[in-house]
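Peer 1:
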Amino acid sequence: LWLPSNAQVIVPFTQRTSTYSPTTKIYNIRGDFQMIGNTNLTLVTYSDDGNNSSDMEYVDVDNIPGTLNSSSATLQFSTEEDAIPECSNIIYAGLYWIGRAHSGTSPNTFMAGGTTANYYNTNTVNGYTLSISSTTGNPQTATYTFTPLTGNPVIFKLTTTDGEAVTALTVQIGTTGAPSTLTNTITDSNSGPGEDFVEATLNNPYVVNTGTNTIIVNNLRASTDNDGTTQADGTFRVNVSSGGKILDKSVVYLKHANDLNGYDQITAADINFTQNIYYPTNSEGNMFSAYAEVTDYVKQYGLGEYTVADIALNDGDDTSGTGFFGGWGMIVVYENSKMKWRDVTIFDGHAYVQGSTTVSYELPVSGFRTAQGDVPIEMKLGLIAGEGDRDISGDYFEIIDLANNWVRLSHDGNSTTNFFNSSIPAPAPRNPTLVNNTGVDIAMFNIVNTNNYIIDNDQTSTRFRYGSTQDTYIIPVIAMAVDAYIPDLHAYISVTSLNGATVSPTNSQVLPGGEMEYKLDLTNPSEPITNAKIVIPI
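For the sequence shown, this note's numbering assigns the number 10 to the initial residue and increments by one for each residue that follows.
1. List, from N- to C-terminal side, the beta strand (DSSP E) runs of 3 residues or more that fit wholly inside the stretch 68-115.
2. Pick from Glu89, Leu84 and Ala110: whose alpha carbon is nearest that of Asn78?
3. Alpha carbon to alpha carbon, what distance is there between Lys254 and Ala177?
4. With DSSP run on the structure shown, which of helix, strand or coil describes Gln274?
5. What are the start and end residues of the beta strand (DSSP E) that includes Thr179?
6. Evaluate Asn460 with the Cβ neighbour count: other Cβ atoms within 10 Å of its Cβ, from every protein chain shown; 16 or more gives buried, anything less gives exposed.
7. Taking all protein chains shown into account, decide if Gln468 is buried (16 or more other Cβ within 10 angstroms of its Cβ) or exposed.
8. Kindly indicate which residue of Asn466, Ile164, Gly332 and Val261 has the alpha-carbon position closest to the one of Ala299.
9. Measure the CB-CB distance between Pro485 and Ile538 and report whether it falls below 8 Å.
10. Using 8 Å for Cβ pairs, my map puts Phe429 next to Ser419. What's the rounded Cβ distance?
11. For Asn132, I'd like the list of residues in its chain whose CB is within less than 6 Å of its CB, leaving aside the five on either flank, ordered along the chain.
12. Measure the alpha-carbon distance for Thr425 versus Ser431 and round it to whole angstroms.
13. Throw me the rounded Cβ distance for the Gly136 and Leu167 pair, which I believe falls under 8 Å.
14. Tell whether a beta-carbon distance below 8 Å holds between Tyr482 and Tyr405.
15. For Leu398, which option in Met44, Gly59, Pro31 and Thr26 has the closest C-alpha, if you only look at C-alpha atoms?
16. Flag this pair as touching only if the stretch 446-465 and the stretch 329-343 have three or more C-beta atom pairs under 8 Å; answer yes or no.
17. Name the DSSP bridge partner or partners of Asn228?
18. Which term fits Val504, buried or exposed, when burial requires 16 or more other beta carbons within 10 angstroms of its beta carbon?
19. Contact between the stretch 49-56 and the stretch 288-303: three or more CB pairs below 8 Å?
20. On the criterion of 16 or more Cβ atoms from any shown chain inside 10 Å, does His499 qualify as buried, or is it exposed?
21. Cβ of Asp467 within 7 Å of any heavy atom in the ligand FMN?
22. Pull the bridge partners of Asn127 from the DSSP assignment, please.
23. Do Pro441 and Val134 count as a contact pair if the criterion is CB distance below 8 Å?
24. Find the nearest neighbour of Asn423 within the set Ala412, Asn446 and Asn413, judged by alpha-carbon distance.
25. Tell me the DSSP bridge mates of Tyr262?
Below, the structure written as structure tokens:
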């Protein structure tokens with residue numbers, strides 16, 4: 010199992026299992042894993058070494074007007090030992106998506122591609138009529154009513170005191186509907202003469218969709234003068250987003266090129282369930298990561314091009330300097346009888362490294378078992394990471410060797426001193442195919458293990474270490490495959506005679522009391538085996 014050892018692992022890394030095999034944490038198979046993915050944001054003015062802190066725009070390759078962002082990648086399998094990819098059996102498929110959409114508070118549901126504005130008493134807001142009224146006294150309740158052309162009004166009530174405190178914030182559907190409490194944070198207040206007010210920002214912005222149009226209520230402001238005046242000093246108002254598309258960090262859309270029904274909605278089961286995985290709204294740089302199992306869908310459509318659309322992202326220029334990013338990755342575990350035996354395992358969680366610091370953290374892993382004997386061990390690693398910049402070095406990923414030394418890793422698309430650098434080095438086709446994926450790393454590569462100096466025979470554990478001196482990034486998932494310990498005993502059983510005669514079309518049946526002669530051929534092409542047992546059922 011995976012054992013985190015530091016506070017920067019926000020969600021502990023655990024071995025990901027399938028709903029179809031919940032107790033299988035290590036896939037001991039003739040086969041391998043494959044990892045594909047792409048970025049859904051890119052630079053308005055693209056360059057190979059550009060930074061995503063500059064102006065960003067959506068990648069949208071699907072030619073469907075209804076999507077804001079989309080990108081694709083093609084699933085391919087290995088042909089080692091003349092394996093036929095189309096004959097491989099898909100065991101498991103998991104979809105991950107990552108992103109950063111806001112520099113300030115980052116709600117899990119928000120509107121992108123629209124406009125956000127403040128509205129006061131008696132306004133029309135994207136097809137809704139807004140009215141604001143207030144009681145007098147202390148405390149006082151301000152009522153914000155959005156009335157659609159058809160359907161029930163949506164009514165918000167904000168109760169405040171002259172001490173600039175919020176004592177209640179509720180919403181109800183219709184004048185007789187039951188009120189529901191909305192969690193909020195006071196984000197602004199003022200006690201100046203004639204301007205006393207308090208502003209409550211919803212922790213989860215509320216989607217109003219009772220009419221033909223959709224709006225999102227972000228925050229409400231009320232006077233604390235306690236005189237019931239709603240317009241004179243402009244302190245009663247509501248902040249609304251409209252005219253765009255609602256995006257949800259826990260939802261994306263998946264489509265195979267051969268799926269004539271269009272996109273399937275893919276939902277991380279519950280954003281409060283930490284292993285699906287982490288959605289910060291005002292911490293850890295607002296970098297989120299999400300997961301959903303898609304085994305059924307990938308088994309149905311198999312190899313070919315997959316497109317993922319509408320990750321919860323914003324385009325534009327992030328004035329905070331960190332930048333917006335977003336993309337997706339898919340991990341598929343498959344078996345093929347011609348391929349080598351491997352132990353394949355997937356670990357996911359949410360590791361966060363803050364920028365402009367000198368830090369390093371360990372991730373121990375155990376539970377696999379490499380091949381015995383004196384044979385070379387191959388090890389393949391796969392990672393998905395977010396926010397690593399091409400032009401900021403100092404970040405690294407390491408593995409411990411047998412001499413207890415840390416070995417810095419790299420692949421064809423990065424370096425040992427800038428491991429997380431927005432690279433996707435996989436040879437599989439994808440659209441777009443960019444060198445600079447502006448904050449999205451999807452890497453799958455073999456670890457150089459000359460003379461088994463890092464991973465040896467009959468080894469069951471190792472340790473990784475990641476860190477940074479400058480760059481900030483997240484790691485939501487790591488996959489690995491090692492040459493496995495499997496005694497490869499081959500047995501061929503044949504019947505050589507029946508009742509003393511050669512088996513033939515006219516002598517192919519044996520009756521009770523008859524005599525059968527078997528021939529058993531055994532070969533052992535791998536390591537020595539002790540206590541082998543051959544069972545021949547009759």
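In this text, a Cβ means the ideal position worked out from N, Cα and C, and glycines have one as well.
Peer 2: According to the data block:
1. Counting only runs of 3+ residues, the beta strand (DSSP E) found wholly inside the stretch 68-115 occupies 79-84 and 98-109, in chain order.
2. Position 69 of the sequence shown, counted from the first residue, corresponds to residue 78. Measuring from the Cα of Asn78, the nearest candidate turns out to be Ala110.
3. The residue given as residue 177 occupies position 168 in the sequence shown. The residue given as residue 254 occupies position 245 in the sequence shown. Rounded to whole angstroms, Ala177 and Lys254 show a C-alpha spacing of 29 Å.
4. Within the sequence shown, the letter at position 265 stands for residue 274. Residue state, collapsed to three classes: strand.
5. The residue labelled residue 179 in the question sits at position 170 within the sequence shown. For Thr179, the enclosing beta strand (DSSP E) starts and ends at Val175 to Ile182.
6. Taking the sequence shown and counting its residues from 1, the one referred to as residue 460 is at position 451. Asn460 should be labelled exposed.
7. Against the sequence shown, residue 468 aligns to sequence position 459. Buried, by the Cβ-count rule.
8. Looking up residue 299 in the sequence shown gives position 290. Out of Asn466, Ile164, Gly332 and Val261, Val261 has the C-alpha closest to the C-alpha of Ala299.
9. Position 476 of the sequence shown, counted from the start, is the residue given in the question as residue 485. Position 529 of the sequence shown, counted from the start, is the residue given in the question as residue 538. For Pro485 and Ile538, no; Cβs fall outside 8 Å.
10. Translated into the one-based positions of the sequence shown, residue 429 becomes position 420. Translated into the one-based positions of the sequence shown, residue 419 becomes position 410. Between Ser419 and Phe429 the Cβ distance is about 11 Å, and since that is not below 8 Å, they are no contact.
11. Here residue 132 refers to the residue found at position 123 when the sequence shown is read from its first residue. Closer than 6 Å at Cβ, skipping near neighbours: Leu139.
12. As a position in the sequence shown, residue 425 is number 416, starting the count at 1. As a position in the sequence shown, residue 431 is number 422, starting the count at 1. Between Thr425 and Ser431, the C-alpha separation is close to 14 Å.
13. Counted from its first residue, the sequence shown places residue 136 at position 127. Counted from its first residue, the sequence shown places residue 167 at position 158. Rounded, the Cβ-Cβ distance is 23 Å, inconsistent with contact.
14. By 1-based counting over the sequence shown, the position of residue 482 is 473. By 1-based counting over the sequence shown, the position of residue 405 is 396. Not a contact, by the Cβ cut-off of 8 Å.
15. As a working mapping, residue 398 is identified with position 389 in the sequence shown. According to the sequence as given, residue 398 is Asp; it is not Leu. Distances from the CA of Asp398 to each of Met44, Gly59, Pro31 and Thr26 were compared; the closest alpha carbon is that of Gly59.
16. They touch, by the three-pair rule.
17. Stepping through the sequence shown from its first residue, residue 228 is reached at position 219. Answer is Thr210 and Asn248.
18. Your numbering for residue 504 matches position 495 in the sequence shown. Classification of Val504: exposed, given that the 10 Å Cβ count is below 16.
19. By the criterion of at least three beta-carbon pairs nearer than 8 Å, the stretch 49-56 is not in contact with the stretch 288-303.
20. Residue numbering aside, residue 499 sits at position 490 when the sequence shown is read from its first letter. Burial state of His499 is exposed, judged by a 10 Å Cβ sphere holding fewer than 16 other Cβ atoms.
21. For the structure depicted, the ligand FMN is absent and the ligand set is empty, with no information on it obtainable.
22. Along the sequence shown, read from residue 1 onward, the residue named residue 127 stands at position 118. BP columns for Asn127 point to Asn248.
23. Here residue 134 is taken as the residue at index 125 of the sequence shown, counted from 1. Here residue 441 is taken as the residue at index 432 of the sequence shown, counted from 1. Val134 is not a Cβ neighbour of Pro441, given a cutoff of 8 Å.
24. For this step, residue 423 is matched to residue 414 along the sequence shown. With distances taken between Cα atoms, Asn423 lies closest to Asn446.
25. The residue you call residue 262 lines up with position 253 of the sequence shown. Gln274 and Ala318.
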